[in-house]
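Input: a single structure, listed below in structure tokens.
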Amino acid sequence: MNKLMLLFLAAGICLTVISGPVHAQIPFSTSSGETPTLAPMLEEVTPAVVNISVQGTRATQQRIPDAFRFFFGPNAPREEAREQPFQGLGSGVIIDADAGYVVTNNHVISDATEITVTLKDGRQFNAEVLGRDEQSDIALLKIENGSNLTAISMGDSDAMRVGDFVVAIGNPFGLGQTVTSGIVSALGRGGFGIDRLENFIQTDAAINRGNSGGALVDLKGNLIGINTAILGSHGGNIGIGFAIPSNMMNNLVEQILEHGEVRRGVLGVRGGDLTQELASALEISRTRGAWVSEVLPESAAEKAGIEAGDVIISMQGRSLNSFAELAARVGSMGAGRTISLGVLRDGEEINIDVELLERDTQVTASLVHPALQGAQLSSADNQQGVRITAVESNTPAERIGLQEDDLIIAVNRQRVTSLGELRRMLDDTSGVVALHVRRGNSTLYLVLPG
774 MNKLMLLFLA AGICLTVISG PVHAQIPFST SSGETPTLAP MLEEVTPAVV NISVQGTRAT
834 QQRIPDAFRF FFGPNAPREE AREQPFQGLG SGVIIDADAG YVVTNNHVIS DATEITVTLK
894 DGRQFNAEVL GRDEQSDIAL LKIENGSNLT AISMGDSDAM RVGDFVVAIG NPFGLGQTVT
954 SGIVSALGRG GFGIDRLENF IQTDAAINRG NSGGALVDLK GNLIGINTAI LGSHGGNIGI
1014 GFAIPSNMMN NLVEQILEHG EVRRGVLGVR GGDLTQELAS ALEISRTRGA WVSEVLPESA
1074 AEKAGIEAGD VIISMQGRSL NSFAELAARV GSMGAGRTIS LGVLRDGEEI NIDVELLERD
1134 TQVTASLVHP ALQGAQLSSA DNQQGVRITA VESNTPAERI GLQEDDLIIA VNRQRVTSLG
1194 ELRRMLDDTS GVVALHVRRG NSTLYLVLPG
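The working numbering applies: residue 774 is where the sequence shown begins, and numbers increase by one.
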């Protein structure tokens, strides 16, 4: 075993030596003819990257043995919800030293009741969640009673090009702060089903479990991405990692700080990617962009003059390659923001300014769960739960006991913060469901049949 390990390490050393001449051309810092190195930049940047450890409980479904179900009658549930404690590790980036703001991934702190931030120098602080966005997987924390913190410098992720050198910093596998390097492999990646808003920077810098929420920086030490996901069959690094662009993260953080939540702007179009086949059929010279198949009535797009058949090729002067990229970039903008779109119509390029409208967060509850039919749901302020805004008479929602102004705060004792989270939790839960509801100054449980 030891011999095999030594051979493996030896192979790694050989790879490092072979790649040396390529790395020597990178504009690393040098002094007095010494070996090129990233150390001076990292000495400035790494204090701004933190390790995050979380603790909490999650509701799990455990099957009840048939022998026990016999004593509770034929209508007894087949499963019961139990709270299971969990621990997790991740990374984060300090973006404001004075205020103690830390950005990480939403999935790092999801369901956590205790969050501990560990700095590079070993100091530890408790942190609270100021806001989070499930669709983009961004969360903003505030370090409690922090002092002598170091913030990272912000970069312009829109200015990055394929081939630019980047460095990933994080806490893989709980080992402690680790630095890896690579290049930008691609831009505007999406369509993986990882998040609903996908506009990732792809890199071959090694990213592993625990790197989530860490920093992707350029060679000047500027933050250009938040490391989020990897592509691999066994959860290990294969040289394909993804980061949320820093500009997208900044837009979301600004909304959280201003409103306590993300108030996403809506364009109001449906469509798809402009393919070679579609471009040929429509006699369009371009083969990249977001093709608009439908403009929704009374939407921001309709009011601005966007038409079905248009191809949106740029936003804020930056080119667009896909409909998913358009959706992600618009989705990170706040309601009320005015954006400039480059549009291809009848062979001519025109610019259209659009003021984004606020998303209507109310949905018909039957789309969430059949037993909720007849209710109207919306995300409550400050991510405190899901508000019942109306209940129709003689409907399933009324029969299970829901009332107007009820606040759903948990499903099977697992806390709910938003409408999207409620939908996901009910989709993942089978059998009888217990809704924890706050009504006025009291709380109660309502049961959804399986």
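Backbone N, C-alpha and C fix where the C-beta goes; we use that ideal spot for every residue, glycine too.
Because the structure is a prediction, the values reported are computed rather than measured.
- As DSSP reads the structure, S864 sits in a beta bridge with N824.
- C-alpha of I916 to C-alpha of E1034: approximately 18 Å in a straight line.
- It is roughly 9 Å from the alpha-carbon of L996 to the alpha-carbon of I868.
- Using a 10 angstroms sphere on the CB of V957, the tally of other CB atoms reaches 16 or more, which defines it as buried.
- Residue pairing of P1018 in beta bridges, as defined by DSSP: G998.
- Going by DSSP, S1053 is part of the alpha helix (DSSP H) stretching over 1049-1054.
- A Cβ-Cβ distance of about 4 Å is found for the pair G961 and E1098, placing them in contact under the 8 Å criterion.
- Counting C-beta pairs with one atom in each stretch, the region 988-1003 and the region 919-931 have three or more that are closer than 8 Å, which means they touch.
- Inclusion of T877 and A912 in the CB contact set at 8 Å is warranted, their separation being smaller than that value.
- Pairing L914 with V875 gives a Cβ-Cβ distance under 8 Å.
- Look at the beta carbons and you see the region 1185-1195 not touching the region 1163-1171: under three pairs across the two are nearer than 8 Å.
- When I1123, G865, G1038, E807 are compared, the shortest CA-CA separation from V822 is found for G865.
- In chain order, D1126, E1128 place their CB closer than 6 Å to the CB of T1111, counting only its own chain and leaving out the 5 sequence neighbours on each side.
- Looking at the backbone, the Cα of N944 and that of P1070 are separated by about 47 Å.
- Assignment of beta-bridge partners to S1215 by DSSP yields R1212.
- For A912, the enclosing beta strand (DSSP E) stretches over residues 911-916.
- For F1096, the uninterrupted alpha helix (DSSP H) segment begins and ends at 1096-1104.
- Using a Cβ distance threshold of 8 Å, S1087 and L1114 count as a contacting pair.
- Secondary structure note for E1067: its beta strand (DSSP E) is the uninterrupted segment 1063-1068.
- If you look at V881, you'll find it isn't in any beta strand (DSSP E); it sits in the alpha helix (DSSP H) that goes 879-882.
- Here D1179 is buried: its Cβ has 16 or more other Cβ atoms, across all protein chains shown, within 10 Å.
- L1117 and E1171 have their C-alpha atoms roughly 50 Å apart.
- By the C-beta density criterion, L1217 is exposed, having fewer than 16 other C-beta atoms within 10 angstroms.
- Taking a contact to require three or more Cβ pairs closer than 8 Å, the region 1024-1031 and the region 1055-1074 do not qualify as touching.
- If you look at V1141, you'll find it isn't in any alpha helix (DSSP H); DSSP assigns it neither H nor E.
- Here the alpha carbons of V1084 and T1048 stand approximately 11 Å from one another.
- A direct Cα-Cα distance of roughly 7 Å separates R831 from D884.
- The DSSP-derived three-state label of S1058 is coil.
- Apart from sequence neighbours up to five positions away, the residues of its chain that approach E901 with a beta-carbon distance below 8 Å are I888, L914, K915, E917, ordered along the chain.
- Residue nearest to L1004 within the set P809, G986, N981, R1036 is N981 (criterion: CA-CA distance).
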